[in-house]
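Report on the structure given below.
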Amino acid sequence: MARAYVIAIASEKGGVGKTTLATNLAIYLKGLSEDLPVTLFSFDNHFTVDQMFQLSKTKSSHHVGQLFSEMSAVDLLQDGQYGVNFIPSSRDLFAYQQQVRSIDQLAKVISRSSLQGIVIIDTSPILDIYTRNALYAADRVIVPIKDTPSLENCRNLANFLSENNRSKSILKLLPCLIDTRIHFDGPFRNSYQLLKAYAINRGYRCFEGFIAKSPKVESLATNPAGKIYPVITHGRNTEVHLQLTHLARQVYLDYLEHGPVRINEIANNLYDQEEWFLKEYKARVDKLQPHCLFCDAPISIEDIGPQDYFLENDTGNFSGFIEEECLLTLLLQECYPELNGKGQQKLLLEILGSTAKKSYLLLQKTVIDAEQNQVEIFRLDQQGDKISGRSVILKNRSRSQRQGKKNLLQLFNLAANGEHEKRQQLLLQQSGDNPLQTLQHHNYLEWKTVFNRAQIDLQLESNSE
Ligand SMILES: Nc1ncnc2c1ncn2[C@@H]1O[C@H](COP(=O)(O)OP(=O)(O)OP(=O)(O)O)[C@@H](O)[C@H]1O
Ligand SMILES: [Mg+2]
1 MARAYVIAIA
11 SEKGGVGKTT
21 LATNLAIYLK
31 GLSEDLPVTL
41 FSFDNHFTVD
51 QMFQLSKTKS
61 SHHVGQLFSE
71 MSAVDLLQDG
81 QYGVNFIPSS
91 RDLFAYQQQV
101 RSIDQLAKVI
111 SRSSLQGIVI
121 IDTSPILDIY
131 TRNALYAADR
141 VIVPIKDTPS
151 LENCRNLANF
161 LSENNRSKSI
171 LKLLPCLIDT
181 RIHFDGPFRN
191 SYQLLKAYAI
201 NRGYRCFEGF
211 IAKSPKVESL
221 ATNPAGKIYP
231 VITHGRNTEV
241 HLQLTHLARQ
251 VYLDYLEHGP
261 VRINEIANNL
271 YDQEEWFLKE
281 YKARVDKLQP
291 HCLFCDAPIS
301 IEDIGPQDYF
311 LENDTGNFSG
321 FIEEECLLTL
331 LLQECYPELN
341 GKGQQKLLLE
351 ILGSTAKKSY
361 LLLQKTVIDA
371 EQNQVEIFRL
381 DQQGDKISGR
391 SVILKNRSRS
401 QRQGKKNLLQ
411 LFNLAANGEH
421 EKRQQLLLQQ
431 SGDNPLQTLQ
441 HHNYLEWKTV
451 FNRAQIDLQL
461 ESNSE
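Residue numbers (the UniProt record's numbering): 1 to 465.
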């Protein structure tokens, strides 16, 4: 599958011409090759992309923040002016930031999508999680520099790349907003030559040429019509038009020469990783006990109901399902004996049921002596923090045991898998519509995090007693 070649436009310095470059480059690339799919989006919040490319007045409800949700990148695209596809900008990327958990999310989203041709990402002047995602996904990072501070700032971009095992050569600097009226004495006759010499001296690659500062270009963004016009249509008689044409040619040749190396690389890693996740998932499914952990009725994967509970022990070597009714009987029998037989069963079921999807149950057994055990039952919230708890003493030779009924201690023994620790924990959660979802990679990591967190809290509590 042909994938997308990604260009990020980045600089930690504000106002160096990133957005002007990103938007115009998209149009000039289309001008060079009409058939080339060009996609553009911006992580800055100025809405320049929208003002320049939006075809209709009706605003789409989609925006760049959703690239980090479950949505497919292609579903966010809009057909824009000049044949450029774009994803609408967002005013509220800050609020979306919580969804962005890692720097490789965007690269993965692009690699899973059917995006092709060239994707241009305009970034904001901060090295935030969005910019880092763009840099991580990029085959090429274009860095506009307009003065020495913006050149010095490139160091942070280079450091980010090297921290992520990527070559500094991905960066390519472009002097921008160059005032061609300024001349110097000596070997470097203007600020373009001076900046280029500085850049090369610091080991950076540079594009040929520069983008001049032009009052005409500046006016394209500020005019009574309240529109933002591209250079290709409204600034053809400027030197910037020739400079952008020259730049687009270099970028296009780069694209033809190298192709979408980065996204291919990400897609291959993802394939390997997903294969591995699938293997681990299958191993977890194979390990499941084939019967209800209480009543021993055979449970096949197809039989698991959304109300049934998934259970795992603290070492992760014992797991299975317990039917809701069975769990309730077990809890009523031993942890809530005062409710037993008083028609309260329904009430407990309702209480458990209404909060089950948003919480976990943790059962902890502590051996007191040869006869007695303390069993605690906790309800945990989604982060693993305790909401409520209750403690009971269960005897090894209890009435239920003498009567040969299955009981909670037997469940603990079963889950102990032959090991006899003083303290043992079981975590349970209602299965929901997709009973095996907890076993999938990301959910299982979450499950383990909740379990570990609860164990640490309980350990700390018992140390302080
Ligand atoms: N070649 C140019 N000549 C004159 N003005 C320009 C040129 N390029 C950009 N500008 C103007 O400079 C200002 C900053 O440009 P732009 O918004 O593209 O920078 P930016 O790096 O994206 O800024 P930010 O970091 O705030 O996102 C704008 O007013 C823009 O119209
Ligand atoms: Mg900008």
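Built from N, CA and C at the ideal position, the CB exists for glycine as well.
When secondary structure is reduced to three states using DSSP, residue 42 falls in the strand class. By the Cβ-count criterion, residue 196 is buried, with 16 or more other Cβ atoms from all chains shown falling within 10 Å of its own Cβ. DSSP assignment within the segment 6-43 yields the following whole alpha helix (DSSP H) runs of 4 residues or more, N-terminal first: 18-32. With contact defined as three or more Cβ pairs closer than 8 Å, the segment 270-287 and the segment 60-67 are not in contact.
Beta-bridge pairing by DSSP links residue 391 to 376.
According to DSSP, residue 306 shares a beta bridge with no other residue. Counting only residues whose CB is nearer than 5 Å to a non-hydrogen atom of ligand 2, the list in chain order is 18, 19, 44. Listed in chain order, the alpha helix (DSSP H) runs fully inside the segment 71-105 are 73-76, 93-96, counting runs of at least 4 residues. Restricted to the segment 221-285, the alpha helix (DSSP H) segments that are unbroken, complete and at least 4 residues in length are 231-234, 239-258, listed in chain order. Taken through DSSP and simplified to helix, strand or coil, residue 350 comes out as helix. In this chain, the alpha helix (DSSP H) harbouring residue 50 covers 48-53. Straight across, the Cα-Cα distance linking residue 130 with residue 460 is about 38 Å. When C-alpha distances from residue 233 are compared across 216, 380, 371, 119, the shortest belongs to 216.
Between the alpha carbons of residue 425 and residue 346 lies a gap of roughly 27 Å. Checking the DSSP bridge columns, you'll see residue 216 has no partner listed.
Non-local beta-carbon contacts of residue 396 in its own chain, meaning distances under 8 Å to residues more than five positions away in sequence, involve 370, 371, 372, 373, 409 in chain order. By DSSP's assignment, residue 312 forms a beta bridge with 319, 427.
For residue 438, the secondary structure class from DSSP, reduced to helix, strand or coil, is helix. Membership of residue 155 in the alpha helix (DSSP H) is indicated by the continuous run 154-163.
Straight-line measurement puts the Cα of residue 18 at about 6 Å from the Cα of residue 9. In this structure, DSSP gives residue 366 an extended state, which the three-state scheme calls strand. Taking a C-beta distance under 8 Å as the contact criterion, residue 198 and residue 210 do not qualify as a contact pair. Under the three-pair Cβ rule at 8 Å, the segment 374-381 counts as touching the segment 325-340.
Looking at the DSSP output, residue 360 bridges to 380.
Residue 218 and residue 108 have their alpha carbons spaced roughly 36 Å apart.
For residue 172, the enclosing beta strand (DSSP E) starts and ends at 171-175. With a cut-off of 7 Å, the C-beta of residue 258 is classified as distant from ligand 1, since no heavy atom of the ligand falls inside that distance. For residue 178, there is no enclosing alpha helix (DSSP H), as DSSP marks it with neither H nor E. Remark: the shortest separation between the CB of residue 177 and any heavy atom of ligand 1 falls under 7 Å. Going by DSSP, residue 132 is part of the alpha helix (DSSP H) stretching over 129-137. Below 8 Å, too few C-beta pairs join the segment 220-227 and the segment 176-183 to call them touching: fewer than three. Ranked by how close their Cα comes to the Cα of residue 230, the residues 26, 2, 4, 7 have 26 in first place. Cβ-Cβ distances below 6 Å link residue 47 to 89 in the same chain, with the five nearest sequence neighbours on each side left out; the list follows chain order.
The beta carbons of residue 385 and residue 306 sit about 25 Å from each other, so the pair does not count as a contact at 8 Å. Contact annotation, residue 388 with residue 308: C-beta distance approximately 22 Å; criterion of less than 8 Å not satisfied. A distance of 8 Å or more separates the beta carbons of residue 205 and residue 160.
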